[in-house]
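Those letters in the sequence shown? Residues 261 to 615, by the working numbering.
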Amino acid sequence: MPRNFQAGAVYVLTNQVENTVAVFRRTADGTLTPAGEFPTGGAGDPTPQGTDPATDPLASQGALILDQGHQFLFAVNAGSNQISVLEISNTGLDLVGVFDSGGVRPISLALHENLLYVLNEGGTPNITGFTVGTDGTLTPLAGSTQPLIGDTAADPAQVSFNPDGTLLVVTEKAGNRIDTYTIDENGLPSAPIDNASNGMTPFGFAFSNPGFLVVSEAVGGTPSASAASSYSAGDDGVLSVISGSVPNSQTASCWVVITNSGHLAFVSNTGSGTISSYDLTSNDGTLSLINSVAGDTGANSAPIDMALNVSSHFLYVLAGGLQSVISFRVEHDGSLTLIDTDGGLPLGAQGIAAK
Numbered sequence: 261m262p263r264n265f266q267a268g269a270v271y272v273l274t275n276q277v278e279n280t281v282a283v284f285r286r287t288a289d290g291t292l293t294p295a296g297e298f299p300t301g302g303a304g305d306p307t308p309q310g311t312d313p314a315t316d317p318l319a320s321q322g323a324l325i326l327d328q329g330h331q332f333l334f335a336v337n338a339g340s341n342q343i344s345v346l347e348i349s350n351t352g353l354d355l356v357g358v359f360d361s362g363g364v365r366p367i368s369l370a371l372h373e374n375l376l377y378v379l380n381e382g383g384t385p386n387i388t389g390f391t392v393g394t395d396g397t398l399t400p401l402a403g404s405t406q407p408l409i410g411d412t413a414a415d416p417a418q419v420s421f422n423p424d425g426t427l428l429v430v431t432e433k434a435g436n437r438i439d440t441y442t443i444d445e446n447g448l449p450s451a452p453i454d455n456a457s458n459g460m461t462p463f464g465f466a467f468s469n470p471g472f473l474v475v476s477e478a479v480g481g482t483p484s485a486s487a488a489s490s491y492s493a494g495d496d497g498v499l500s501v502i503s504g505s506v507p508n509s510q511t512a513s514c515w516v517v518i519t520n521s522g523h524l525a526f527v528s529n530t531g532s533g534t535i536s537s538y539d540l541t542s543n544d545g546t547l548s549l550i551n552s553v554a555g556d557t558g559a560n561s562a563p564i565d566m567a568l569n570v571s572s573h574f575l576y577v578l579a580g581g582l583q584s585v586i587s588f589r590v591e592h593d594g595s596l597t598l599i600d601t602d603g604g605l606p607l608g609a610q611g612i613a614a615k
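Below is the structure:
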């Protein structure tokens, strides 16, 4: 059967010294078939920093992202301090270009319309912005670089926009902070606004369509102590806690995705080998636990990054301990039904996107 690269697919960043994007073709029932690897033209960095494990060397969410039109992939090259842009074509992924990230060790990317921001965690950490051309090329945005509140001690995890692109958010694991930046009409960020995380070790996060923010709390990896909090964001960038540190009794909650409906959130628990499900009330952002173990990825599987396909019918989990992608069907009640597991990824792969 010919490989249709413009149909449903899952993409994983291998994050090796010769960095590539591994492509899996998705069928209508959610199953995956490997469809090749395509070079990013840059270098990944599979060597963990500090106390990060080899299964999670970037310790970040958003290392690989898709544009809204599913035309381009944007990937970090943490080893060469670059961002790669790849165009999705009928024959695979075509490299558009490789661009300097404006800092050291880029680990996370955020995109809103034609505005791309990168989180650089090395050296003096920063966020830096670019405009995205119609052909996918990146142009540095003058005046867009801003520091993090925690400076060299920040240990950040993710950068992302709110739904309307007026706010950028960065989580700082070490300082238990959530930095926000208001974005002006020229795409430029304010100085960082310091928001205290409700719980310890804020890591991954996602916004619902109405604009409520859900942040995971790994609590330093303390066994059975993880949680997630929901927040509202003011126009001034100040976050207000709605539901604080809702426990899931799992270990090392780190990554978050929210379905298209905006009322169902999944959190991956790296230390437990599980996925927890939460209900997010669409009118006021109240967060409540549905199931501590909505999905089980297995002992020592180390689930890290996750991605929902475009319909939110399927959840794909990058299991760092298994060097595999685990596929689930998302049920109406928030439970997860295992579909299959696809291996063959290298140790240190990080970043997943789906369509």
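We put the CB at the ideal spot given by N, CA and C, even for glycine.
| task | Leaving out five residues on either side along the sequence, give the residues of the same chain with a beta carbon under 7 Å from the beta carbon of residue 296. | result | Counted from its first residue, the sequence shown places residue 296 at position 36. Same-chain partners within the cutoff: 283, 352.
| Between residue 275 and the rest of its own chain, which residues show a CB-CB distance below 6 Å, the 5 nearest in sequence each way excluded? | By 1-based counting over the sequence shown, the position of residue 275 is 15. Around residue 275: 304, 306, 608, 609, 610.
| query | Counting Cβ pairs, one atom from each stretch, are 3 or more of them under 8 Å apart for the stretch 343 to 358 and the stretch 399 to 407? | reply | no
| task | Report yes or no: do the stretch 377 to 390 and the stretch 406 to 415 share at least 3 C-beta pairs separated by less than 8 Å? | result | yes
| request: Indicate whether residue 460 and residue 477 have their beta-carbon atoms separated by less than 8 Å. | output: As a first step, residue 460 must be located in the sequence shown, where it is residue number 200. As a first step, residue 477 must be located in the sequence shown, where it is residue number 217. Cβ distance < 8 Å, so residue 460 and residue 477 count as in contact.
| The beta strand (DSSP E) spanning residue 537 covers which residue range? | Position 277 of the sequence shown, counted from the first residue, corresponds to residue 537. Its beta strand (DSSP E) spans residues 534 to 540.
| message | Once the 5 residues before and after residue 331 are set aside, which same chain residues still bring their CB inside 8 Å of it? | response | Your numbering for residue 331 matches position 71 in the sequence shown. Closer than 8 Å at Cβ, skipping near neighbours: 347, 348, 396.
| request: Return the chain-ordered ranges of every beta strand (DSSP E) run that is complete within the stretch 304 to 362 and spans a minimum of 3 residues. | output: 324 to 326, 332 to 337, 342 to 349, 352 to 360
| Complete runs of the alpha helix (DSSP H) confined to the stretch 409 to 440 [at least 4 residues] | none
| query | Hey, out of 474, 577, 373, whose CA is closest to residue 426's CA? | reply | One-based indexing of the sequence shown puts residue 426 at position 166. Measuring from the Cα of residue 426, the nearest candidate turns out to be 373.
| said: Taking 8 Å as the limit between beta carbons, can you name the residues of its chain near residue 494, skipping five residues before and five after? | reply: Stepping through the sequence shown from its first residue, residue 494 is reached at position 234. For residue 494, where only same-chain residues beyond five positions count, the Cβ hits under 8 Å are 500.
| field | Local conformation of residue 474 per DSSP, three classes | value | For the purposes of this step, residue 474 is identified with residue 214 of the sequence shown, where counting begins at 1. In the structure shown, residue 474 sits in a strand (DSSP, three-state: E or B).
| Mapping DSSP to helix, strand and coil, what is residue 498? | Locating residue 498 in the sequence shown gives position 238, where the first residue counts as 1. Looking at residue 498 - three-state DSSP - the assignment turns out to be coil, as it is neither helix nor strand.
| message | Can you find the residues in the same chain that come closer than 7 Å, C-beta to C-beta, to residue 615, ignoring five residues on each side of it along the sequence? | response | For the purposes of this step, residue 615 is taken as residue 355 along the sequence shown, with counting starting at 1. The answer, listed in chain order, is 268, 269, 326, 330, 569, 570.
| field | DSSP state of residue 270 mapped onto helix, strand, coil | value | Sequence index remark: in the sequence shown, residue 270 carries index 10 (1-based). The answer is strand: DSSP assigns residue 270 an E or B state.
| request: With a threshold of 16 other CB atoms inside 10 Å of the CB of residue 521, please say whether the residue is buried or exposed. | output: Locating residue 521 in the sequence shown gives position 261, where the first residue counts as 1. Answer is exposed; the Cβ neighbour count stays below 16.
| Under 8 Å, do residue 553 and residue 536 count as touching if we go by C-beta distance? | Locating residue 553 in the sequence shown gives position 293, counting from the first residue. Locating residue 536 in the sequence shown gives position 276, counting from the first residue. A contact, by the Cβ cut-off of 8 Å.
| said: Using only the alpha-carbon positions, how far apart do residue 280 and residue 574 sit? | reply: The sequence position of residue 280 within the sequence shown is 20, counting from 1. The sequence position of residue 574 within the sequence shown is 314, counting from 1. In a straight line, the C-alpha of residue 280 is about 24 Å away from that of residue 574.
| Cβ neighbour criterion (16 or more within 10 Å) applied to residue 529 | Numbered from 1 along the sequence shown, position 269 holds the residue referred to as residue 529. Classification for residue 529: buried.
| query | Among the residues of its own chain, which have a CB less than 7 Å from the CB of residue 469, if the five just before and after it don't count? | reply | Position 209 of the sequence shown, counted from the first residue, corresponds to residue 469. These residues qualify, in order along the chain: 423, 522.
| said: Quick test of your reading: residue 419 and residue 370, contact by CB under 8 Å. State the CB separation rounded to the nearest angstrom. | reply: Residue numbering aside, residue 419 sits at position 159 when the sequence shown is read from its first letter. Residue numbering aside, residue 370 sits at position 110 when the sequence shown is read from its first letter. Between residue 370 and residue 419 the Cβ distance is about 5 Å, and since that is below 8 Å, they are a contact.
| task | Round the Cβ separation of residue 548 and residue 506 to the nearest angstrom and send it over; I've been treating them as touching at under 8 Å. | result | Your numbering for residue 548 matches position 288 in the sequence shown. Your numbering for residue 506 matches position 246 in the sequence shown. So it is a contact: roughly 6 Å between Cβ atoms.
| Is residue 598 buried or exposed, if buried means 16 or more other CB atoms sit within 10 Å of its CB? | Here the question's residue 598 lines up with position 338 in the sequence shown. Under this definition residue 598 is an exposed residue.
| Residue range of the unbroken beta strand (DSSP E) whose run includes residue 566 | Against the sequence shown, residue 566 aligns to sequence position 306. First-last of the beta strand (DSSP E) with residue 566: 563 to 568.
| C-alpha distance - residue 594 paired with residue 362, whole-angstrom precision | Start at 1 with the first residue of the sequence shown, and residue 594 comes out as number 334. Start at 1 with the first residue of the sequence shown, and residue 362 comes out as number 102. Cα to Cα, the separation comes out at about 40 Å.
| field | Which of helix, strand or coil DSSP assigns to residue 262 | value | The residue given as residue 262 occupies position 2 in the sequence shown. For residue 262, the pLDDT reaches just 45, beneath the cut-off of 50, and the residue's location in the model is therefore unreliable, leaving the point undetermined.
| query | Based on the DSSP output, what are the partners of residue 406 in its beta bridges? | reply | Residue 406 sits at position 146 when you count from the first residue of the sequence shown. In DSSP, residue 406 forms a bridge with 387.
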